[in-house]
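Enquirer: Have a look at the structure that comes next, please.
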Amino acid sequence: MGWVSNTNLAIGRSAVGRYFHLAGSGHPKERKDSFFFTEIRAGLATFFAMAYIIAVNSQITSLTGGTCVCPAEFKNPDIGCDKSPEYMSCVEDIKRDLVTATAAIAALATFCMGLFANIPLAVAPGMGTNAYFTFNVVGPYGSGKLKHPDRSILIPNAYVSRLATVICIYSRLGAISYELALMAVFVEGLVFVALTLFGIRQWLARVIPASIKLATGVGIGLYLTLIGLTYDAGIGLITGSMATPVTLGGCKEEDKQSGVCPGSHKMQNPTMWIGIFCGGFLTTLLMAYRVKGAIIAGILLVSIISWPRSTSVSYFPHDPLGDQRFDFFKKVVSFHSIQKTLAVPQWDVSQEGAQFGLAFITFLYVDILDCTGTLYSMARFAGLINPRTQDFEGSSVAYLVDATSISIGALFGSPPSTAFIESGAGISEGGKTGITAMTTGLCFFVSIFFAPIFASIPPWATGCTLIIVGCLMAQSAKDINWSYIGDAVPAFLTIAIMPFTYSIAYGLIAGIVSYAIINTIIWIIEKASGGRIVPDSKSTKEPWSYKVPGGILPPWLKRLKAGKKTFWKDDDTMEDGVPHTTGMAERRSESSGEPIDTKPMDATPMPKTPTKQPIEKIT
Numbered sequence: 001m002g003w004v005s006n007t008n009l010a011i012g013r014s015a016v017g018r019y020f021h022l023a024g025s026g027h028p029k030e031r032k033d034s035f036f037f038t039e040i041r042a043g044l045a046t047f048f049a050m051a052y053i054i055a056v057n058s059q060i061t062s063l064t065g066g067t068c069v070c071p072a073e074f075k076n077p078d079i080g081c082d083k084s085p086e087y088m089s090c091v092e093d094i095k096r097d098l099v100t101a102t103a104a105i106a107a108l109a110t111f112c113m114g115l116f117a118n119i120p121l122a123v124a125p126g127m128g129t130n131a132y133f134t135f136n137v138v139g140p141y142g143s144g145k146l147k148h149p150d151r152s153i154l155i156p157n158a159y160v161s162r163l164a165t166v167i168c169i170y171s172r173l174g175a176i177s178y179e180l181a182l183m184a185v186f187v188e189g190l191v192f193v194a195l196t197l198f199g200i201r202q203w204l205a206r207v208i209p210a211s212i213k214l215a216t217g218v219g220i221g222l223y224l225t226l227i228g229l230t231y232d233a234g235i236g237l238i239t240g241s242m243a244t245p246v247t248l249g250g251c252k253e254e255d256k257q258s259g260v261c262p263g264s265h266k267m268q269n270p271t272m273w274i275g276i277f278c279g280g281f282l283t284t285l286l287m288a289y290r291v292k293g294a295i296i297a298g299i300l301l302v303s304i305i306s307w308p309r310s311t312s313v314s315y316f317p318h319d320p321l322g323d324q325r326f327d328f329f330k331k332v333v334s335f336h337s338i339q340k341t342l343a344v345p346q347w348d349v350s351q352e353g354a355q356f357g358l359a360f361i362t363f364l365y366v367d368i369l370d371c372t373g374t375l376y377s378m379a380r381f382a383g384l385i386n387p388r389t390q391d392f393e394g395s396s397v398a399y400l401v402d403a404t405s406i407s408i409g410a411l412f413g414s415p416p417s418t419a420f421i422e423s424g425a426g427i428s429e430g431g432k433t434g435i436t437a438m439t440t441g442l443c444f445f446v447s448i449f450f451a452p453i454f455a456s457i458p459p460w461a462t463g464c465t466l467i468i469v470g471c472l473m474a475q476s477a478k479d480i481n482w483s484y485i486g487d488a489v490p491a492f493l494t495i496a497i498m499p500f501t502y503s504i505a506y507g508l509i510a511g512i513v514s515y516a517i518i519n520t521i522i523w524i525i526e527k528a529s530g531g532r533i534v535p536d537s538k539s540t541k542e543p544w545s546y547k548v549p550g551g552i553l554p555p556w557l558k559r560l561k562a563g564k565k566t567f568w569k570d571d572d573t574m575e576d577g578v579p580h581t582t583g584m585a586e587r588r589s590e591s592s593g594e595p596i597d598t599k600p601m602d603a604t605p606m607p608k609t610p611t612k613q614p615i616e617k618i619t
């Protein structure tokens, strides 16, 4: 054996190996083929797969304008705050603050997820929730109402496109300040802690119909795709129109000032083509060949092309804003302290109680489904889900870390955090324990000192990344039960409403409400007819019940109920919170006396047989 194998073996047998359930540790829940250096490599893979969030989250969230104040003379709808050099200079500072904030909260939350929950999942401000925070709750440049034409809407200033009207309508429903929105996020995180402690959040994750959970990821993917196609946070391939909600864009830079984009100017913007070919096609090809860090490679290439000055694609044009960006970029390695977004939540909500309540409730139900669903989905992808209880080892701690990171992130000025689907990159590399997440967290910590680089990544460098992430999230559409109309229609409405209303919340409402109405009416008709009138495909309906296996109580509460004094600690002699007298690693069936093989991550044992047994698909 080489030194790598010897080191893996030595660490596996140490106290560290036993804590993280590494192979060779002798732990009752030892995770097969989990080796120290494999975990390190997996953590690096996860970081390179999701490092783009540092640039993308700061880019999207800074569009709120943060704590910047728009000069009165630029609040006219025909001018817009983004035409104010002073205001946009402040927005650049907000973006730099958010680069540090994003890296810091990702480092802290991910490291804690690995250390305390021992699962290979990375946590950072969520894609989708950051867009909802920016475009629906606060609004572009703090308007909440689109008081000025968005730069992606290249039409005469005397008109407002249908796309702008749609965004305007839905933004008004939650038009609040950036500071008040952060307060709503902060309180939401505390409520999540309470919901987690008493098992409500875990129960909600299990009780939501499978079709809605799967469709939520697909809808968020399309939502991100739409953002990636626009100007402010994407490549600028689509724009608004007076005749149709959206139309082909790619207009020249000077068209942004005039607001007019004739047909001859469409698809003429060089930054759009750089983003498409270098950030889109190249990244896709690298991913096709399973090149690690393909997404970040595409972003860096487009950024490097956009950094030289005096070019048509430069992110540092020779103007006051370009000069400010370039001066900060030249520092390369520098710690940028959070100045304008640190601890700015509006603590006194007495004067805006109604707006705060609306924002809080909105974030709560969006994140209950979005954050909880994402964390649950990634735990399932990692093979951590118990097929009987539909829960996973360390779920209470994992949900607590996730909930706490939401409140801490709000203090940093960031939207809600969640588990990232890019954690799958590390899991695919063999990551099975918390060491993977801790490695990723350390990488995010190092990135804090490269803020000038991450703050200088242009939106057209990350636009295709959003589209590719949307593609990855849409893959779960194949698992939706399309064979039964009672499952298919609510799922489709969830998917369609999210991008078309620019709102995750409305998509979730449409899906859940339609699911309840359709299936309740079918149930009533079936009961009233004595079971004679039923849909032809009723047999293909996915089963659903609010009574989930394992109950609603979290493991720690079950241990307390069972009289265990150290109820806050995992008990290897208990399964799902219920005492048992045999070991987890090797037991014998009471009926046959044959050895029972328990998977490292499952509590439900399977008899050892010479042939493979069919495994029922868990949805």
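Using the UniProt record's numbering, read the sequence shown as starting at 1 and increasing by one per residue.
Glycine is no exception: its CB is placed at the ideal position from the N, C-alpha and C atoms.
Since the structure is predicted, the reported quantities are computational estimates derived from the model, not experimental observations.
1. Out of 189, 527, 55 and 534, which has the shortest C-alpha to C-alpha gap to residue 402?
2. List the residues that DSSP assigns as beta-bridge partners of residue 385.
3. Is residue 453 closer than 8 Å to residue 302 when the C-beta atoms are compared?
4. Below 8 Å on the Cβ atoms is my contact criterion, and I expect residue 329 with residue 110 to pass it. Report the Cβ-Cβ distance as a whole number of Å.
5. Residue range of the beta strand (DSSP E) that residue 417 falls in?
6. Grouping DSSP H, G and I as helix and E and B as strand, with all else coil, what is residue 356?
7. Comparing alpha-carbon positions, which option in 315, 482, 216 and 308 lies nearest residue 473?
8. Apart from the five residues on each side of it in sequence, which residues of its chain come closer than 6 Å, Cβ to Cβ, to residue 326?
9. Closer than 8 Å is the cut-off here; do at least three beta carbon pairs connect the region 189 to 203 with the region 398 to 416?
10. Within the region 424 to 456, note down every full beta strand (DSSP E) run reaching 3 residues or more, in order along the chain.
11. Quickly, what does DSSP pair residue 125 with across the bridge? List them, please.
12. According to the neighbour-count rule (16 or more other Cβ atoms, all chains shown, within 10 Å of its Cβ), is residue 529 buried or exposed?
13. Is the Cβ-Cβ distance between residue 67 and residue 36 less than 8 Å?
14. Exposed or buried, which one is residue 309 when buried takes at least 16 other CB atoms within 10 Å?
15. How long is the line joining the alpha carbons of residue 134 and residue 242, rounded to whole angstroms?
16. Can you tell me where the alpha helix (DSSP H) with residue 180 in it begins and where it stops?
17. Rounded to the nearest angstrom, how far is the Cβ of residue 97 from that of residue 338, given a contact under 8 Å?
18. Counting Cβ pairs, one atom from each stretch, are 3 or more of them under 8 Å apart for the region 458 to 472 and the region 274 to 294?
19. Which full runs of the alpha helix (DSSP H) of 4+ residues lie inside the region 47 to 114, going along the chain?
20. Within 10 angstroms of its Cβ, does residue 132 collect 16 or more other Cβ (buried), or is it exposed?
21. According to DSSP, simplified to helix, strand and coil, what is residue 238?
22. Hey, how far is the Cα of residue 504 from the Cα of residue 388?
23. Closest Cβ-Cβ distance between residue 240 and chain B: below 8 Å?
24. What does the Cβ neighbour count give for residue 281, buried or exposed, with the cut at 16 atoms within 10 Å?
25. Which residue comes first and which comes last in the alpha helix (DSSP H) that contains residue 526?
26. Apart from the five residues on each side of it in sequence, which residues of its chain come closer than 6 Å, Cβ to Cβ, to residue 487?
27. With DSSP collapsed to three states, give me the class of residue 483.
28. Counting only the same chain and skipping the five closest in sequence on each side, list residues whose C-beta sits under 7 Å from that of residue 619.
29. Curious, which full-length alpha helix (DSSP H) runs of at least 4 residues does the region 12 to 48 contain?
30. Can you have a look at residue 163 and say buried or exposed, based on whether 16 or more other CB atoms are within 10 angstroms of its CB?
31. Does residue 311 come out as helix, strand or coil in the three-state DSSP assignment?
32. Going by other Cβ atoms of all chains shown within 10 Å of its Cβ, with 16 needed for buried, is residue 583 buried or exposed?
33. Residue 324 lies in the alpha helix (DSSP H); which residues open and close that run?
34. Can you name, in chain order, every residue of its own chain whose Cβ lies under 7 Å from the Cβ of residue 199, other than the five neighbours on each side?
35. May I ask you to list the residues that DSSP assigns as paired with residue 334?
36. In this structure, how does DSSP classify residue 149 when only helix, strand and coil are distinguished?
Expert: Looking at the coordinates:
1. Working through the sequence shown from its first residue, we reach residue 402 at position 402. Nearest C-alpha to residue 402: 189.
2. Within the sequence shown, the letter at position 385 stands for residue 385. Answer is 392.
3. To locate residue 302, count along the sequence shown from 1; it is residue 302. To locate residue 453, count along the sequence shown from 1; it is residue 453. Going by C-beta atoms, residue 302 is not nearer than 8 Å to residue 453.
4. Walking along the sequence shown from the start, residue 329 turns up at place 329. Walking along the sequence shown from the start, residue 110 turns up at place 110. Not confirmed; about 27 Å, so no contact.
5. Position 417 of the sequence shown holds residue 417. From DSSP, the beta strand (DSSP E) with residue 417 extends over 417 to 419.
6. By one-based count along the sequence shown, residue 356 stands at place 356. Three-state DSSP puts residue 356 in a helix.
7. Sequence index remark: in the sequence shown, residue 473 carries index 473 (1-based). The option with the nearest alpha carbon to residue 473 is 216.
8. On the sequence shown, residue 326 is found 326 positions in, with the first residue counted as 1. Correct list, in chain order: 316.
9. yes
10. none
11. Your numbering for residue 125 matches position 125 in the sequence shown. Looking at the DSSP assignment, residue 125 forms a beta bridge with 417.
12. Within the sequence shown, numbered from 1, the residue matching residue 529 stands at position 529. Counting Cβ neighbours within 10 Å, residue 529 comes out exposed, since fewer than 16 surround it.
13. Taking the sequence shown and counting its residues from 1, one reaches residue 67 at position 67. Taking the sequence shown and counting its residues from 1, one reaches residue 36 at position 36. With contacts defined as CB atoms closer than 8 Å, residue 67 and residue 36 fail to qualify as a contacting pair.
14. Working through the sequence shown from its first residue, we reach residue 309 at position 309. Exposed, because fewer than 16 other Cβ atoms sit within 10 Å of the Cβ of residue 309.
15. By one-based count along the sequence shown, residue 134 stands at place 134. By one-based count along the sequence shown, residue 242 stands at place 242. Straight-line Cα distance between these residues: approximately 24 Å.
16. Residue numbering aside, residue 180 sits at position 180 when the sequence shown is read from its first letter. Per DSSP, residue 180 is one residue of the alpha helix (DSSP H) stretching across 178 to 197.
17. As a working note, residue 97 is residue 97 in the sequence shown. As a working note, residue 338 is residue 338 in the sequence shown. The pair is a contact, with the Cβ atoms about 5 Å apart (cut-off 8 Å).
18. Using a Cβ-Cβ distance cut-off of 8 Å, the region 458 to 472 and the region 274 to 294 are in contact, since at least three pairs of beta carbons, one from each stretch, lie closer than that value.
19. 52 to 61 and 85 to 112
20. Locating residue 132 in the sequence shown gives position 132, where the first residue counts as 1. Buried: at least 16 other Cβ atoms inside 10 Å.
21. Looking up residue 238 in the sequence shown gives position 238. Residue 238 falls in the strand class under three-state DSSP.
22. For the purposes of this step, residue 504 is taken as the residue at position 504 of the sequence shown. For the purposes of this step, residue 388 is taken as the residue at position 388 of the sequence shown. Rounded to the nearest angstrom, the two C-alpha atoms are 30 Å apart.
23. The structure shown contains no chain B; it holds only a single protein chain.
24. Numbered from 1 along the sequence shown, position 281 holds the residue referred to as residue 281. Exposed, since its Cβ has fewer than 16 Cβ neighbours within 10 Å.
25. Within the sequence shown, the letter at position 526 stands for residue 526. Segment 504 to 528, the alpha helix (DSSP H) holding residue 526.
26. Here the question's residue 487 lines up with position 487 in the sequence shown. Residues 211, 481 and 542 of the same chain have their beta carbon placed closer than 6 Å to that of residue 487, with the five preceding and five following residues left out of the count.
27. If you number the sequence shown from 1, residue 483 lands on position 483. The answer is coil: DSSP assigns residue 483 none of H, G, I, E or B.
28. To locate residue 619, count along the sequence shown from 1; it is residue 619. A caution first: residue 619 carries a pLDDT of 35, below 50, which makes its placement in the model unreliable, though a value can still be read off. Setting aside the 5 residues that flank it on each side, residue 619 is surrounded in the same chain by 210 and 542, each with a C-beta closer than 7 Å to its C-beta; the list follows chain order.
29. Counting only runs of 4 or more, we get 15 to 19.
30. Counting from 1 along the sequence shown, the entry for residue 163 is found at position 163. Residue placement at residue 163 is poorly supported in this model, since its pLDDT is 36, which falls under 50; the coordinates are not used for a value here.
31. Stepping through the sequence shown from its first residue, residue 311 is reached at position 311. Here residue 311 sits in coil by DSSP.
32. Within the sequence shown, numbered from 1, the residue matching residue 583 stands at position 583. Unreliable placement is indicated for residue 583, whose pLDDT of 35 sits below 50; no coordinate value is reported for it.
33. For the purposes of this step, residue 324 is taken as the residue at position 324 of the sequence shown. Residues 320 to 329.
34. Here the question's residue 199 lines up with position 199 in the sequence shown. If we look at residue 199 and ignore the five residues flanking it on each side, its Cβ neighbours are 552, 553, 554 and 557.
35. Here residue 334 corresponds to residue number 334 of the sequence shown, with the count starting at 1. DSSP, once it has assigned bridges, lists 450 as partnering residue 334.
36. On the sequence shown, residue 149 is found 149 positions in, with the first residue counted as 1. Interpretation of residue 149 is limited by its pLDDT of 36, a score under 50 that renders its predicted location unreliable; the figure taken from the coordinates is listed afterwards. Of the three classes helix, strand and coil, the one that applies to residue 149 here is coil, per DSSP.
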